[in-house]
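Asker: Quick one: the structure is below, questions incoming.
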Amino acid sequence: MNIDRRKFVTRGAAGMAGMLIGGSLTGKSAAGIPAAAATPASGPQPYDLMKEVMQYRKIDTHAHIYWTDDSPETQLDYGRRLGIDRQVISRYLDVMPGTPDQFRKFNDLTIKAIKKYPDHLIGGFVLNPVYKQESLDEIKRCTDAGMVGPGELYYQVKINDPRYYPVIEKLIDLKMIIHSHGECQLGVGGYRMKYNGHKQPNTSIPEDFVAIARRYPEGIFQYAHIGMGGDWEYECKLFRDCPNIYVDTSGSNNAENMIDFAVEHLGEDRLFFASDNSYYQGVGKILAANLTERQKQKIFFDNYNNLLKKGGRGVD
Amino acid sequence: MLIDSNAYIGHWPFLKLEYNTPEALLGRMQEFGTDVSVISNLNGIFYKNTQHANEELRDAIRSKRAYRDRFIPFAVINPIYGGWRDDFETCATTMGMKGVRLYPQYHGYDIAALPCIELVKMCRDKGLPVAFCLRMVDSRTSSWMDLDKEWTLKNIVPIVKAVPDAKYMIVNVAGSMALSGEEMSLFRKADLLMDSSGRSMTNWSDLLKQFGTGKFCFGTHSPILDYFSGLLRIESLRKNEADEHTKELLRSGNIKGLLGS
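Sequences listed follow chains V and U, in order. Throughout the first sequence, residue numbering follows the working numbering, covering 1 to 316 in sequence. Throughout the second sequence, residue numbering follows the working numbering, covering 1001 to 1261 in sequence.
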């Protein structure tokens, strides 16, 4: 229960609703539901929504840039609008087979963006572990360029595939957060457990994350977007006993109670605020949740930043 | 003033909902500053005889003065189910419902089917808005027993074309908003509002220019979607995108016009 928010709500006779219902809205045909004969006993206190939005420092731990001319400026503009200090961006590798030439090109786009906006953009790299040495070389190249870890690793190889092991071991050495795409929806993982032709067959599912997290308990895994249309209840229940799996809250689905459920099952330290470029829903779902001030601070900023600090890459 | 044009009580069979009772919804309204909510009963989507859901809604609202003061009820009518004309008449008169929610996908008829057109004309004649939802829940994460196809704005075109002088609400606009020039012209002329709850309500500056400031209103789609995002889309508009007058239209002015005039 958000005590801080609720304590403002008492207002004396708030005639607005009564006036509305008692007036034109009920004037024509309201015999069954009596119009308010008088003003209601209480109404809401005007609520300064943007003040609440802006009072929290935020790191968007999962965002993307595009090849279009307006990127990353459009993404930065959403950040300014909603008080997002920094965005961890990547250009996810949405091509097959995802050759070294391709992932270097994708990462070059990110490097260019973080060089241009170092105070607001944090870089995440992509790679493809099918190309072991090239991927390890790319980690070094991108780290030298100032990136903090992998961006959203994609569907070329499942996260628990043995071909990922050398990459993951390198990322663990570097104390980086291992961020990967994951899905759990109809046709992809979850209760139907099948790929339906619209998804790449190596798309990681929650069970894959559990497997890799148990193999590498010292690793820090970021399961991408519990709001991407995945079954967030399924995901959170599955991850409950994997303390080294963190979830980011991004995605266009802003189901009510998603965040409350995630905190209940994973604890307040294992959620990272993120948008995946669904900025309104990203911020909205956190601020709609029944969280304490401290919990919101942790999810919006501290949880992720504390892990960045472990690798000497924290934001101050 | 703030009016939520799109809220519900009742149950969703595949997901446990929070805030789905009148008291819980009222709590959300108090918390976030909403004066009045337009509500309907989710159960009406799943009852074959939707009138039971309308009676539940009526009884719930009657049970407490605060509900009568703060909730505006919309009926759920299925125009291919026996007795629907009587149900509609009862809802519109005895029960005092202020609009009608239609669910062609869930109830199994085409949006331009004759019974639907007849019902929309009956609503028109009584001055009641007709509301369609492009998707109730995200199909990606919904149950295998739920719908697998979501609507886009284009799916609404046939009924607006068939009854262009009715009042329409389109809620949870989550899919494509692309319309042809002719369709856009139809929408711009229609007495039609889209609520702010859907994920496609992203680039407001362009949307307001494209459709006009009179085509949008605040909506939460609560308790299915979070209570915050629909309002955030409006309150985060900058002065050069929407002046205070426009914001007031979005918060309450436009929906008041649709419901009251």
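All C-beta atoms in this analysis are idealised placements derived from N, C-alpha and C, irrespective of residue type, glycine included.
Across the stretch 282-295 of chain V and the stretch 1104-1111 of chain U, are there enough close Cβ pairs to call them in contact, namely three or more that are closer than 8 Å?
Answerer: Flag = no, the stretch 282-295 of chain V and the stretch 1104-1111 of chain U do not touch.
Asker: Along the stretch 1227-1249 of chain U, where does the CB come closer than 7 Å to a CB of chain V? Name the residues.
Answerer: Answer set for the stretch 1227-1249 of chain U: Tyr1227, Phe1228, Ser1229, Leu1231, Leu1232, Arg1233, Glu1235, Ser1236.
Asker: Threshold first: 3 residues or longer. Then list the beta strand (DSSP E) segments lying entirely within the stretch 199-284 of chain V, N to C.
Answerer: Counting whole runs of 3 or more residues, the stretch 199-284 of chain V contains the beta strand (DSSP E) stretches 220-223, 245-248.
Asker: From Phe272(V) to Ile299(V), what does the alpha carbon distance come to, in whole angstroms?
Answerer: Phe272(V) and Ile299(V): Cα-Cα distance of roughly 5 Å.
Asker: Which same chain residues end up closer than 8 Å to Glu218(V) when comparing Cβ atoms and leaving out the 5 residues on each side of it in sequence?
Answerer: Excluding positions up to five away in sequence, the list reads Ile172, Asn244.
Asker: Just to confirm the assignment, what range does the alpha helix (DSSP H) spanning Cys142(V) have?
Answerer: Note, Cys142(V): alpha helix (DSSP H), 132-144.
Asker: Closest to Tyr234(V) by CA distance: which of Leu76(V), Tyr117(V), Ile286(V), Leu266(V) is it?
Answerer: Nearest of Leu76(V), Tyr117(V), Ile286(V), Leu266(V) to Tyr234(V), Cα basis: Leu266(V).
Asker: Does DSSP classify Asp1012(U) as helix, strand or coil?
Answerer: At residue 1012(U) the sequence reads Trp, which differs from the Asp that was named. Trp1012(U) falls in the strand class under three-state DSSP.
Asker: Please confirm whether Asp231(V) has its beta-carbon closer than 8 Å to some beta-carbon of chain U.
Answerer: Yes, its Cβ sits closer than 8 Å to a Cβ of chain U.
Asker: Compute the Euclidean distance between the alpha carbons of Cys1271(U) and Ile1159(U), then round it to the nearest angstrom.
Answerer: It is not possible to answer for residue 1271(U), since the shown part of chain U is limited to 1001 through 1261.
Asker: For Glu1018(U), which residues from the same chain have a beta carbon less than 8 Å from its beta carbon, with the 5 sequence-adjacent residues on both sides left out?
Answerer: Closer than 8 Å at Cβ, skipping near neighbours: Ala1024, Pro1223.
Asker: Can you list the residues of chain V that Thr1132(U) reaches, using a CB-CB cut of under 9 Å?
Answerer: Inspection of the sequence shows that residue 1132(U) is occupied by Phe rather than by Thr. The contacting residues do not exist; Phe1132(U) stays about 20 Å from chain V at best.
Asker: So Val1160(U) is in the alpha helix (DSSP H); what residue range does that whole segment cover?
Answerer: 1157-1162 is the extent of the alpha helix (DSSP H) around Val1160(U).
Asker: Answer with buried or exposed for Ser275(V), where buried requires no fewer than 16 other C-beta atoms within 10 angstroms of its C-beta.
Answerer: Per the 10 Å Cβ criterion, buried.
Asker: So what's Asp60(V) in DSSP terms, helix, strand or just coil?
Answerer: Looking at Asp60(V) - three-state DSSP - the assignment turns out to be strand.
Asker: Secondary structure at Ala1131(U), three-state DSSP: helix, strand or coil?
Answerer: Strand.
Asker: Within the 8 Å Cβ cut-off, does Met1169(U) reach chain V?
Answerer: False, the Cβ-Cβ gap to chain V never drops below 8 Å.
Asker: Under DSSP, the beta strand (DSSP E) around Gly1027(U) begins and ends at which residues?
Answerer: Taken as a continuous stretch (DSSP letters only), Gly1027(U) belongs to no beta strand (DSSP E), being part of the alpha helix (DSSP H) at 1022-1032.
Asker: Nearest CA to the CA of Pro201(V): which residue from Arg163(V), Gln156(V), Pro150(V)?
Answerer: It is Gln156(V) whose Cα lies nearest to the Cα of Pro201(V).
Asker: Which residues of chain V have a Cβ atom closer than 7 Å to the Cβ of Gly1033(U), listed in chain order?
Answerer: Neighbours of Gly1033(U) on chain V, chain order: Pro44, Gln45, Pro46, Tyr47.
Asker: What residues in its chain sit with their C-beta under 6 Å from that of Arg1062(U), if we drop five residues either side in the sequence?
Answerer: No residues qualify anywhere along the chain.
Asker: How would you list, in chain order, the residues of chain V whose beta-carbon sits under 9 Å from the beta-carbon of Ile1224(U)?
Answerer: What Ile1224(U) touches in chain V: Ala255, Glu256.
Asker: Measuring only between beta-carbons, confirm whether Lys237(V) sits less than 8 Å from chain U.
Answerer: So, not an interface residue.
Asker: Let me check one thing: in DSSP terms, what residues is Asn1041(U) bridge-paired to?
Answerer: In the DSSP output, where bridge partners are listed per residue, Asn1041(U) has Ile1009(U).
Asker: So which residues of chain U does Arg81(V) contact, with C-beta pairs closer than 8 Å?
Answerer: Neighbours of Arg81(V) on chain U, chain order: Ser1236, Arg1238.
Asker: For Leu1258(U), which residues from the same chain have a beta carbon less than 6 Å from its beta carbon, with the 5 sequence-adjacent residues on both sides left out?
Answerer: Pro1129, Lys1167, Leu1193.
Asker: Would you kindly work out how many angstroms separate the C-alpha atoms of Met210(V) and Phe261(V), rounded to a whole number?
Answerer: Here residue 210(V) is Val; the residue named in the question, Met, does not match the sequence. Each residue's Cα considered, the two are about 19 Å apart.
Asker: For the stretch 50-61 of chain V, which residues have a beta carbon sitting closer than 8 Å to at least one beta carbon of chain U?
Answerer: Flagged, chain order: Met50, Val53.
Asker: Check distances from the C-beta atoms of the stretch 272-304 of chain V to those of chain U and list, in chain order, the residues that come in under 7 Å.
Answerer: So the list reads Ser278, Tyr280, Gln281, Val283, Gly284, Lys285, Leu287, Ala288, given in the order they occur along the chain.
Asker: Is Asn290(V) near the ligand ADP, going by C-beta to nearest heavy atom under 7 Å?
Answerer: Absence of the ligand ADP is noted for the structure shown, with no ligands found whatsoever.
Asker: Closer than 6 Å by C-beta to Asp60(V): which residues in its own chain qualify, once you throw out the five before and the five after it? Chain order, please.
Answerer: Closer than 6 Å at the Cβ level, and outside the excluded window around Asp60(V), lie Ile84, Gln87, Ala274, Ser275.
Asker: Counting pairs of beta carbons, one from the stretch 1060-1077 of chain U and one from the stretch 1035-1045 of chain U, are three or more of them closer than 8 Å?
Answerer: Touching, yes.
Asker: Compile a chain-ordered list of the residues in the stretch 1131-1151 of chain U whose CB is closer than 7 Å to at least one CB of chain V.
Answerer: Flagged, chain order: Asp1138, Arg1140, Thr1141, Trp1144.
Asker: Could you give the distance in angstroms between the alpha-carbon of Glu138(V) and the alpha-carbon of Asp94(V)?
Answerer: One C-alpha to the other measures close to 17 Å.
Asker: Report the CB separation of Asn1054(U) from Cys1091(U) in whole angstroms; it is logged as a contact under 8 Å.
Answerer: Confirmed, Cβ separation roughly 5 Å.
Asker: Mind listing which residues of the stretch 133-163 of chain V have their C-beta closer than 8 Å to chain U's C-betas, in chain order?
Answerer: Listed by position along the chain: nothing, the set is empty.
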